[in-house]
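Protein chains: 2
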Amino acid sequence: MTGLDHVAILVSDLDAAVKLYRDVYGLPEPEIEEVPTEKVRVAIFGHGAGRIELVSPAGPDSPMAKTIEKRGEGLHHVCLEVPDIARAMAALKAQGAPLLDEVPRPGAGGSRVAFVHPKGSRGVLVELKEGGK
Amino acid sequence: MTGLDHVAILVSDLDAAVKLYRDVYGLPEPEIEEVPTEKVRVAIFGHGAGRIELVSPAGPDSPMAKTIEKRGEGLHHVCLEVPDIARAMAALKAQGAPLLDEVPRPGAGGSRVAFVHPKGSRGVLVELKEGGK
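Chain order of the listed sequences is A and B.
So for the first sequence, my numbering puts the first residue at 130; every next one is plus one.
So for the second sequence, my numbering puts the first residue at 130; every next one is plus one.
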């Protein structure tokens with residue numbers, strides 16, 4: 130499986146945003162997850178590839194609160210499922226692309242993930258993901 | 130079918146961007162389409178829901194060239210497949226959300242589409258889509 134795993138959208142008010150995406154746009158009831166390590170609450174719509182994830186700061190000291198303050202709400206990143214994350218990271222490094230993770234770190238469901246800085250990916254913050262459920 | 134139809138990414142150089150997404154990120158060979166009415170060239174990765182579409186100006190007078198000049202490359206919009214576009218648009222209007230299309234217009238493959246201004250959709254430019262192949 131390769132391609133779009135999910136698109137992450139940054140929102141200030143998770144409950145209001147869920148109402149928009151569920152009640153107005155007709156998406157299914159999302160699963161709500163707290164990620165304490167990143168101080169965010171996430172609403173995940175759907176289970177397979179191509180999910181929409183709404184991400185909101187869990188408190189005023191969340192890094193995401195600072196991002197919203199600086200840039201407002203909006204599209205945040207895309208997560209791409211890649212067949213070989215080490216190979217993709219090596220190719221990016223060879224091009225001089227800045228990586229936010231020098232080595233893959235554990236992601237959800239046993240996956241391995243790494244973020245690529247928008248400067249190395251034509252203006253898009255990209256999360257690479259290999260494996261996992 | 131409801132949920133994410135595609136995510137559109139604005140790029141200045143389509144061929145270079147295709148190399149990144151295909152050769153580094155491992156996406157399949159895209160289909161390239163010219164859309165003369167919007168003065169863009171589009172690289173479409175995959176056929177089903179959850180596609181990634183790279184959009185580039187077809188010339189210096191393309192509206193997308195101006196957007197890149199102003200904001201740079203990056204995530205542009207998400208297209209959501211909705212069960213009833215008229216109902217979604219009525220709900221948005223009732224909330225005072227600004228719509229870029231007052232009535233749905235013809236989209237690809239016999240669909241009907243309408244754009245919602247980011248101000249009415251928590252910072253995200255949203256394309257609503259109903260029907261089509």
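For each residue, glycine too, the CB sits at the ideal point set by N, CA and C.
Just so you know, these numbers come straight off a predicted model, no measurement behind them.
Cut-off 6 Å between Cβ atoms - residues of its own chain near residue i, not counting five sequence neighbours on either side
i, result
"residue 179 of chain B", "133"
"residue 186 of chain B", "193 and 194"
"residue 141 of chain B", "197 and 202"
"residue 200 of chain B", "none"
"residue 208 of chain A", "134, 135, 256 and 258"
Whole-angstrom distance between residue j and residue i, CA atom to CA atom
i, j, result
"residue 262 of chain B", "residue 188 of chain A", "43 Å"
"residue 249 of chain B", "residue 216 of chain A", "41 Å"
"residue 198 of chain B", "residue 204 of chain B", "14 Å"
"residue 184 of chain B", "residue 236 of chain B", "16 Å"
"residue 220 of chain A", "residue 226 of chain A", "9 Å"
"residue 240 of chain A", "residue 232 of chain B", "43 Å"
"residue 247 of chain A", "residue 224 of chain B", "34 Å"
"residue 242 of chain A", "residue 163 of chain B", "34 Å"
"residue 210 of chain A", "residue 181 of chain B", "12 Å"
"residue 258 of chain B", "residue 177 of chain B", "14 Å"
"residue 153 of chain A", "residue 238 of chain B", "24 Å"
"residue 251 of chain B", "residue 147 of chain A", "11 Å"
"residue 230 of chain B", "residue 143 of chain B", "27 Å"
"residue 218 of chain A", "residue 234 of chain B", "41 Å"
"residue 222 of chain B", "residue 222 of chain A", "47 Å"
"residue 228 of chain B", "residue 145 of chain A", "19 Å"
"residue 214 of chain A", "residue 214 of chain B", "39 Å"
Check: residue i C-beta below 7 Å from any heavy atom of the ligand COA
i, result
"residue 215 of chain B", "For the structure depicted, the ligand COA is absent and the ligand set is empty, with no information on it obtainable."
Contact set for residue i: own chain, Cβ-Cβ below 8 Å, skip 5 residues either direction
i, result
"residue 206 of chain B", "136, 137, 244, 253, 254, 255 and 256"
Any chain B beta carbon closer than 8 Å to residue i
i, result
"residue 212 of chain A", "yes"
"residue 217 of chain A", "yes"
Pick from the options that is closest to residue i, judged by C-alpha positions
i, options, result
"residue 161 of chain A", "A:213, A:169 and A:259", "A:169"
"residue 139 of chain A", "A:239, A:240 and A:172", "A:172"
"residue 166 of chain B", "B:190, B:209, B:145 and B:212", "B:190"
Neighbour flag for residue i against chain A, beta carbons, 8 Å
i, result
"residue 132 of chain B", "yes"
Same chain, Cβ closer than 7 Å to residue i, five either side skipped, listed in chain order
i, result
"residue 260 of chain A", "239, 240 and 241"
"residue 174 of chain A", "150, 156, 157, 159, 180 and 181"
Fill in: Members of the region 219-232 of chain A that neighbour chain B once the beta carbon cut-off is set at 7 Å
220 and 221
Worksheet item: For the region 164-192 of chain B, which residues have a CB atom closer than 9 Å to at least one CB atom of chain A, in sequence order?
Response: 174, 175, 177, 178, 179, 180, 181 and 183
Worksheet item: Listed from N- to C-terminal order along the chain, which residues in the region 238-253 of chain A have their beta-carbon within a distance smaller than 8 Å of any beta-carbon of chain B?
Response: 247, 250, 251, 252 and 253
Worksheet item: Which residues, taken in chain order from the region 143-161 of chain A, show a beta carbon closer than 7 Å to some beta carbon of chain B?
Response: 146, 149, 153, 154, 155 and 156
Item to complete: Would you list, in chain order, the members of the region 195-206 of chain B that have their beta-carbon closer than 7 Å to a beta-carbon of chain A?
Response: 201, 202, 203 and 204
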